[in-house]
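Engineer: Protein chains in written order, with my numbering: chain A, 2 to 293; chain V, 2 to 293. The beta-carbon is built from N, C-alpha and C at its ideal position, and this holds for glycine as well. Let me give you the structure first, and then I'll get to my questions.
2 protein chains.
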Amino acid sequence: MYCRTFDKLTVTKKLGSAEGICYNEHNTAVMTLEVQHMIIAIANQKGGVGKTTTAINLGGNLAQRGRRVLLVDLDPQGNAATCLGIQKQRLEQTVGEVLLGETPIQEAIMPTGRPGFDILPATPDLAGTAVSLAGLMARETRLRQALAVVANQYDFILIDCPPSLDLLTVNGLASANQVVIPLQCEFLALEGLAQLKETIELIRTHLNSTLFIGGVVMTMYDGRANLARQVVEEVRRYFPQRIFNTIIPRNIRLSEAPSHGELIAEYDPQSRGAQAYAALAEELLQREETRR
Amino acid sequence: MYCRTFDKLTVTKKLGSAEGICYNEHNTAVMTLEVQHMIIAIANQKGGVGKTTTAINLGGNLAQRGRRVLLVDLDPQGNAATCLGIQKQRLEQTVGEVLLGETPIQEAIMPTGRPGFDILPATPDLAGTAVSLAGLMARETRLRQALAVVANQYDFILIDCPPSLDLLTVNGLASANQVVIPLQCEFLALEGLAQLKETIELIRTHLNSTLFIGGVVMTMYDGRANLARQVVEEVRRYFPQRIFNTIIPRNIRLSEAPSHGELIAEYDPQSRGAQAYAALAEELLQREETRR
């Protein structure tokens, strides 16, 4: 690594514990560098498109491949923890208290019981948190600030955004390096995407200039339906180069797994759903390799 | 300059045009560096302590010494421009439109008619702007974002904050490297300072971790009054190492100059007020030299 040098340099940003430090010839720290970790917001203001299913199964697969993964549940419906088999009674400190600055993030993060796979859980109280948040200082970057403290402990942080474009989703997008958009292979799938893109653009302008759309994951694909194939074609035109090759099929086993508190890879590793999420994790890792 | 290197690096912040860029061995930009400029918020929620007088005369003196200076007027009373002899009718685009994202900052900045000394002016409309601002994305960092575009064109940016701790002052403090606090040498001078320090602390936590209190400037000092000397002693105890040696005297010429649209250095260069502000500028520059 080499640097173009300048006469006068200053630290541009003070980072959390994930920092490296550069010094000038007087041994004065002139800048700090962040060790790389990928933070992915899984967002789509439409409900029922597979955000949580994608978040938990992508997270689980990345952890199985030896990556250190944190799943952040930003959805007041807060079922990511339940889907992972964590009993609601065990949830004491959650993402809501972290956003309000009432609890250090380290105290709210809990293990999912799978090696290298942690969760920052949510409860329905998060809806109230979103209201309180509106009046606070730095209301859009509270999650980013909290994640900075633990980010160096993870390779991937996946943020399961709520089905809305509210302050919670804004916090998710403001924290992320990239957005992954799950899209159901159904009529009107693209509906609302213009609005999501607009929100992403606003966030790029005001809060997080390096945020990019990592890709669109087509979910609930039924190969027998002509419509599904047409939707995929349409999305390819709308997001050229951005659609993941892996398409998640409509698969009964995928919808059963959460009620057993299991990942699809645990519930039925041979199912088409399990194979699809394994392929998606593989594709994401390959994309990351290429980007570096 | 040398860098401790790391395996994996990422850009931690995308900067405006004031940037330098570092590349890794694959010729990929891995980080950006800001060329140094000092942004000083002149703040105290008490009115009538000499904020505007300090802002314009410190700015004028720094410009006279060959520094490129921008004065940002954040006070809805908006008299910095008038004090500099700029007619109100000439003000078309102001800081209010910039904060709302309606005008690029370059179009609102105007020359003060003095070499190297520009102003981003305000009008009373700014009070309404503050209300509109409250509902916008990144409401606290709008000024910082705008200043990033022009910051490399200046050595010093001075922000004249309003006499309150509202969203405008928060924007000023979130944009600044340091705060300079003018303090009147009078009874109850320290009143309210705890609250200002608290706000600064909140901003350091949530918005601007490298913000520091550059110093306290004692203003309107009357050497004949025992009280004034006592106040200075008290402030020295409260802000050890932080008080400027230069003390601005109570000086009739200082209060006359603005009504002539002149800096004290133009109106009466031999006055004690003019000498004091020249000394303050000198002291500030020396402090900056030491800090580097």
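For a test of the three-state rule: what should DSSP assign to V:Leu281, helix, strand or coil?
Structural biologist: Reduced to three states, the DSSP call for V:Leu281 is helix.
Engineer: Measure from the alpha carbon of A:Arg341 to the alpha carbon of each residue in A:Thr247, A:Pro259, A:Gly262, then state which is nearest.
Structural biologist: Nothing about residue 341 of chain A can be read from this structure; chain A reaches only from 2 to 293.
Engineer: Between which two residues does the beta strand (DSSP E) holding V:Gln179 run?
Structural biologist: 179 to 185 is the span of the beta strand (DSSP E), which, as asked, contains V:Gln179.
Engineer: Tell me the DSSP secondary structure of A:Leu208 in three-state form.
Structural biologist: Coil at A:Leu208, not helix or strand.
Engineer: Does V:Lys89 pass the burial test, meaning 16 or more other C-beta atoms within 10 Å, or should it be called exposed?
Structural biologist: So V:Lys89 counts as exposed.
Engineer: Could you check whether the stretch 230 to 237 of chain A touches the stretch 173 to 182 of chain A, counting it as contact only if at least three pairs of C-beta atoms, one from each stretch, sit closer than 8 angstroms?
Structural biologist: Short answer: they don't touch.
Engineer: Return helix, strand or coil for V:Gly114, following the three-state DSSP convention.
Structural biologist: Of the three classes helix, strand and coil, the one that applies to V:Gly114 here is strand, per DSSP.
Engineer: In the stretch 173 to 192 of chain V, which residues sit with their C-beta less than 7 angstroms from some C-beta in chain A, listed in chain order?
Structural biologist: Listed by position, the residues of the stretch 173 to 192 of chain V near chain A (Cβ gap below 7 angstroms) amount to none.
Engineer: For V:Gly79 and V:Asn62, I'd like the C-alpha separation in whole angstroms.
Structural biologist: So the two alpha carbons sit approximately 21 angstroms from each other.
Engineer: I need the straight-line Cα distance from V:Glu187 to V:Gly49, nearest angstrom please.
Structural biologist: Roughly 11 angstroms between the two C-alpha positions.
Engineer: Alpha carbons only, please: which of V:Ala82, V:Arg243, V:Gln65, V:Leu100 is nearest the one belonging to V:Leu92?
Structural biologist: That would be V:Ala82, whose Cα lies nearest to the Cα of V:Leu92.
Engineer: Is it true that the CB of A:Ile41 sits closer than 8 angstroms to the CB of A:Gly215?
Structural biologist: A contact, by the Cβ cut-off of 8 angstroms.
Engineer: Excluding five sequence neighbours on each side, which residues of the same chain lie with their C-beta closer than 8 angstroms to the C-beta of A:Asn28?
Structural biologist: With a pLDDT of only 45 at A:Asn28, under 50, the local geometry of the prediction cannot be trusted, and no value is derived from it.
Engineer: Going by beta carbon distance, what residues of the same chain come within less than 8 angstroms of V:Glu108, once the five residues before and after it are set aside?
Structural biologist: Hits under 8 angstroms: Gln94.
Engineer: Could you tell me if V:Arg251 is buried or exposed, where buried requires 16 or more neighbouring beta carbons within 10 angstroms of its beta carbon?
Structural biologist: Buried.
Engineer: Does the beta-carbon of A:Arg143 have 16 or more other beta-carbons within 10 angstroms, so that it is buried, or is it exposed?
Structural biologist: The residue is buried, with at least 16 neighbouring Cβ atoms inside 10 Å.
Engineer: Would a check of beta-carbon distances place A:Asn146 closer than 8 angstroms to chain V?
Structural biologist: Here residue 146 of chain A is Gln; the residue named in the question, Asn, does not match the sequence. Answer yes: the Cβ-Cβ gap between A:Gln146 and chain V drops below 8 angstroms somewhere.
Engineer: Looking only at its chain, what residues have a beta carbon closer than 7 angstroms to the beta carbon of V:Pro116, apart from the 5 residues adjacent to it on each side?
Structural biologist: Around V:Pro116: Ala64.
Engineer: In chain V, which residues lie less than 9 angstroms from A:Glu290 when you measure between Cβ atoms?
Structural biologist: The contacting residues do not exist; A:Glu290 stays about 12 angstroms from chain V at best.
Engineer: Going along chain V in order, which residues have a C-beta closer than 7 angstroms to the C-beta of A:Ala139?
Structural biologist: Under the 7 angstroms cutoff, chain V gives Glu141, His207, Leu208.
Engineer: What does A:Leu264 touch in chain V if you count any residue whose Cβ is under 7 angstroms from its own?
Structural biologist: Correct list: empty, because the minimum Cβ distance to chain V is about 27 angstroms.
Engineer: Excluding the 5 residues preceding and the 5 following V:Ala190 in the sequence, name in chain order all residues of the same chain whose CB lies nearer than 6 angstroms to its CB.
Structural biologist: These residues qualify, in order along the chain: Leu184, Val232.
Engineer: Within the same chain, show all residues whose beta-carbon is closer than 6 angstroms to that of A:Thr53, passing over the 5 residues directly before and after it, in chain order.
Structural biologist: Same-chain partners within the cutoff: Ala81, Asp161.
Engineer: Look at the Cβ atom of A:Glu257, then the Cβ atom of A:Tyr239, and state whether they are nearer than 8 angstroms.
Structural biologist: In this structure, A:Tyr239 does not lie closer than 8 angstroms to A:Glu257 by Cβ.
Engineer: Check whether the Cβ atoms of A:Tyr155 and A:Leu71 sit closer than 8 angstroms, and answer yes or no.
Structural biologist: Their beta carbons are under 8 angstroms apart, which means A:Tyr155 touches A:Leu71 by this criterion.
Engineer: Please list the segments of the alpha helix (DSSP H) lying wholly inside the stretch 60 to 118 of chain V, counting only runs of 4 or more residues, in order along the chain.
Structural biologist: If we require 4 residues or more, the alpha helix (DSSP H) runs fully inside the stretch 60 to 118 of chain V come out as 81 to 84, 96 to 100, 106 to 109.
Engineer: One question on the structure: do A:His38 and A:Phe118 come within less than 8 angstroms of each other, judged by their Cβ atoms?
Structural biologist: No, the pair does not count as a contact, with Cβ atoms beyond the cut-off.
Engineer: CB-CB under 7 angstroms to V:Glu26, same chain, minus the five flanking residues each way: which ones, in chain order?
Structural biologist: The predicted position of V:Glu26 is uncertain, since its pLDDT is 43 and thus under 50; no value can be drawn from it.
Engineer: What number of angstroms, rounded off, separates the C-alpha of V:Asn58 from the C-alpha of V:Pro259?
Structural biologist: Approximately 10 angstroms between the Cα atoms of the pair.
Engineer: Is the distance from the Cβ of V:Ala277 to the Cβ of V:Ala266 below 8 angstroms?
Structural biologist: Result no, Cβ atoms of V:Ala277 and V:Ala266 do not sit closer than 8 angstroms.
Engineer: Exposed or buried, what is A:Gln179 when buried is set at 16 or more other beta-carbons lying within 10 Å of its beta-carbon?
Structural biologist: The residue in question, A:Gln179, is buried, as its Cβ has 16 or more Cβ neighbours within 10 Å.
Engineer: Going along the chain, which residues of its own chain have a beta-carbon closer than 7 angstroms to the beta-carbon of V:Pro163, five neighbours each way excluded?
Structural biologist: Only Leu75, Asp76, Pro77, Leu169, Thr170 meet the Cβ criterion.
Engineer: Is A:Ile120 buried or exposed, if buried means 16 or more other CB atoms sit within 10 Å of its CB?
Structural biologist: It is buried - the Cβ of A:Ile120 has at least 16 other Cβ atoms within 10 Å.
Engineer: Taking the straight line between their C-alpha atoms, what separation do you get for V:Val217 and V:Leu281?
Structural biologist: Approximately 11 angstroms, taken between the alpha carbons.
Engineer: Quick one: complete beta strand (DSSP E) runs, 3+ long, within the stretch 189 to 264 of chain V?
Structural biologist: You should have 213 to 220.
Engineer: Which value, in whole angstroms, describes the spacing of the CA atoms of A:Ala131 and V:Asp126?
Structural biologist: Their Cα atoms are separated by approximately 31 angstroms.
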